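Visitor:
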Amino acid sequence: MSTEHKPKSLPFVANFAAGAIAGISEILTFYPLDVVKTRMQLETGKSQFGLVGTFKSIIKEEGAGRLYRGLVPPLMLEAPKRAVKFAANDFWGKRYLGLTGESKMTQSISVLTGCSAGATESFVVVPFELVKIKLQDKKSTYKGPMDVVKQVVRKDGLLGLYVGMESTFWRHVFWNGGYFGCIYQVKSLLPKPETPQSELLNNFVSGSIGGFAGTLLNTPLDFQVVKSRIQGGEKIPGVAPKYNWTFPAVVTIAREEGFAALYKGFVPKVLRLAPGGGVLLLVVEFTLGVFRKALGPPYI
Numbered sequence: 049m050s051t052e053h054k055p056k057s058l059p060f061v062a063n064f065a066a067g068a069i070a071g072i073s074e075i076l077t078f079y080p081l082d083v084v085k086t087r088m089q090l091e092t093g094k095s096q097f098g099l100v101g102t103f104k105s106i107i108k109e110e111g112a113g114r115l116y117r118g119l120v121p122p123l124m125l126e127a128p129k130r131a132v133k134f135a136a137n138d139f140w141g142k143r144y145l146g147l148t149g150e151s152k153m154t155q156s157i158s159v160l161t162g163c164s165a166g167a168t169e170s171f172v173v174v175p176f177e178l179v180k181i182k183l184q185d186k187k188s189t190y191k192g193p194m195d196v197v198k199q200v201v202r203k204d205g206l207l208g209l210y211v212g213m214e215s216t217f218w219r220h221v222f223w224n225g226g227y228f229g230c231i232y233q234v235k236s237l238l239p240k241p242e243t244p245q246s247e248l249l250n251n252f253v254s255g256s257i258g259g260f261a262g263t264l265l266n267t268p269l270d271f272q273v274v275k276s277r278i279q280g281g282e283k284i285p286g287v288a289p290k291y292n293w294t295f296p297a298v299v300t301i302a303r304e305e306g307f308a309a310l311y312k313g314f315v316p317k318v319l320r321l322a323p324g325g326g327v328l329l330l331v332v333e334f335t336l337g338v339f340r341k342a343l344g345p346p347y348i
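For what it's worth, this note's numbering labels the leading residue of the sequence shown as 49, then goes sequentially.
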């Protein structure tokens, strides 16, 4: 009796490399939107320019190169970040399946697994995010990533690199829960792929919808706006920071600037993270396919 052939899982280094390539591809494609998003979120009071206006203002006043300021930290982060994201998702998925006695993934377990992966990932990304935010700020006088690190450590110690940890934690928990949970649901609804091209399309569609869902979930209490304010602020000795903890900061922003201020940067954020989530899955799966062909049996 013939049994269905199941390819052997690729080694860790192949998955790590695929995640790194996918992450770098996504960053290089959508990074200018991240700069615009951060500028809009750091702006207090009523937004003056909007998405297109902010783009034009940055290019006119600071040059097009400014749209890639602060690119080094996220580029350095992508390999370990993506490795942690997907490795943690796999780890927690197996643990929850064992705890619940389920034989295969369900919708609720996929959401819980995504939230747990996001919580794990948040501990890796905070220092890199802090450096990126400080470099993207229009008022930034830092010479580069290492200058940010040196000044923050000199002024606030090593723990200063983890300013914004709480808001980053909630942001990743909500986003990854929506992302992985939605990918599971969308893939179950899409037609079963019959060709490699249709499988890549399914990955792009499910990843894009997952990216949109994750962004939509963490926007009403926009941890991204709060995180940018917390990490972008400068500490003054003897003065309590205006933005310190997540939920009090949400209340402060809503009271002083209106509820709409919590949605600052939403358009560039969703324009980046929705198709970015699709690009990430598409490139990962395509790269893993290339590795399988190159390595041959038993990986194909």
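Ideal Cβ positions, reconstructed from N, Cα and C, are used throughout, including at glycine.
Predicted, not measured: the structure shown is a model, and the values here were computed from it.
(1) Would you mind sorting methionine 194 into buried or exposed? The rule is 16 or more other CB atoms within 10 Å of its CB.
(2) Determine the extent of the alpha helix (DSSP H) in which asparagine 251 is found, giving its start and end residues.
(3) Is the distance from the Cβ of threonine 335 to the Cβ of alanine 136 below 8 Å?
(4) Can you round the beta-carbon distance between cysteine 163 and valine 221 to whole angstroms, since I take them to be within the 8 Å contact cut?
(5) Could you check how far apart the C-beta atoms of glycine 262 and leucine 321 are, in whole angstroms? I think they sit under 8 Å.
(6) Report buried or exposed for glycine 325, applying the criterion of at least 16 other Cβ atoms within 10 angstroms of its Cβ.
(7) Please report how far the alpha carbon of glycine 98 lies from the alpha carbon of isoleucine 231, in whole angstroms.
(8) Alpha carbons only, please: which of Thr148, Pro244, Lys186 and Val61 is nearest the one belonging to glutamate 109?
(9) Helix, strand or coil: which one does DSSP assign to threonine 168?
(10) Have a look at Gly337, Glu242, Arg219 and Ile301 and flag the residue whose alpha-carbon is nearest the alpha-carbon of lysine 317.
(11) Which stretch, first to last residue, makes up the alpha helix (DSSP H) that contains arginine 340?
(12) Using the C-alpha atoms, what's the distance from leucine 329 back to phenylalanine 228?
(13) Closest by CA to threonine 267, which one among Phe307, Glu242 and Ala167?
(14) How is the alpha helix (DSSP H) around serine 188 delimited, first residue to last?
(15) Can you tell me whether valine 211 is helix, strand or coil according to DSSP?
(16) In angstroms with no decimal places, state the Cα-to-Cα distance between methionine 49 and isoleucine 348.
(17) Using 8 Å as the cut-off, can you tell me whether the region 242 to 259 makes contact with the region 178 to 185, which would need three or more C-beta pairs spanning the two stretches below that distance?
(18) Buried or exposed for alanine 68, going by 16 or more other Cβ atoms inside 10 Å?
(19) Would you mind working out which of Val173, Arg202 and Val196 sits nearest glycine 212, comparing C-alpha positions?
(20) State the start and end residues of the unbroken alpha helix (DSSP H) segment that holds lysine 152.
(21) Under three-state DSSP, which class holds glutamate 91?
(22) Would you decide whether phenylalanine 60 is buried or exposed? Buried here means 16 or more other CB atoms lie within 10 Å of its CB.
(23) By Cβ distance, which residues of its chain are closer than 6 Å to leucine 265, with the 5 residues on each side in sequence left out?
(24) Can you give me the C-alpha to C-alpha distance between tyrosine 79 and proline 323, rounded to a whole angstrom?
(25) Alpha carbon to alpha carbon, what distance is there between glutamine 184 and threonine 86?
(26) Label leucine 207 either buried or exposed according to how many other C-beta atoms from any shown protein chain fall within 10 Å of its C-beta, with 16 as the threshold for buried.
(27) Have a look at lysine 198 and isoleucine 72 and give me their C-alpha separation to the nearest angstrom.
(28) Taking the alpha-carbon positions, what's the methionine 153 to phenylalanine 64 distance?
(29) Tell me the rounded alpha-carbon separation between valine 132 and glutamate 91.
(30) Cβ atoms of tryptophan 140 and alanine 165: under 8 Å apart, would you say?
(31) Beta carbon of arginine 130, beta carbon of alanine 70: below 8 Å?
Guide: In this structure, then:
(1) exposed
(2) 244 to 265
(3) no
(4) In this structure, cysteine 163 and valine 221 form a Cβ contact; the two beta carbons are roughly 5 Å apart against a cut-off of 8 Å.
(5) 7 Å
(6) Around the beta-carbon of glycine 325, 16 or more other beta-carbon atoms lie within 10 Å, marking it buried.
(7) 30 Å
(8) The shortest Cα separation from glutamate 109 among Thr148, Pro244, Lys186 and Val61 belongs to Lys186.
(9) helix
(10) Arg219
(11) 314 to 343
(12) 11 Å
(13) Phe307
(14) That residue, serine 188, is in no alpha helix (DSSP H); it is neither H nor E in DSSP.
(15) DSSP, reduced to helix, strand and coil, places valine 211 outside both helices and strands of the structure shown, so it counts as coil.
(16) Only weak support exists for where methionine 49 lies, its pLDDT of 43 falling under 50; the coordinates are left without a value.
(17) no
(18) buried
(19) Residue Val173 holds the alpha-carbon nearest to the alpha-carbon of glycine 212 among Val173, Arg202 and Val196.
(20) Neither: lysine 152 is in no alpha helix (DSSP H) and is coded neither H nor E.
(21) Glutamate 91: coil per DSSP, three-state reduction.
(22) exposed
(23) Phe222 and Gly226
(24) 12 Å
(25) 7 Å
(26) exposed
(27) If you draw a straight line from the Cα of lysine 198 to the Cα of isoleucine 72, it comes to about 25 Å.
(28) Roughly 23 Å between the two C-alpha positions.
(29) 32 Å
(30) The beta carbons of alanine 165 and tryptophan 140 sit closer together than 8 Å.
(31) yes
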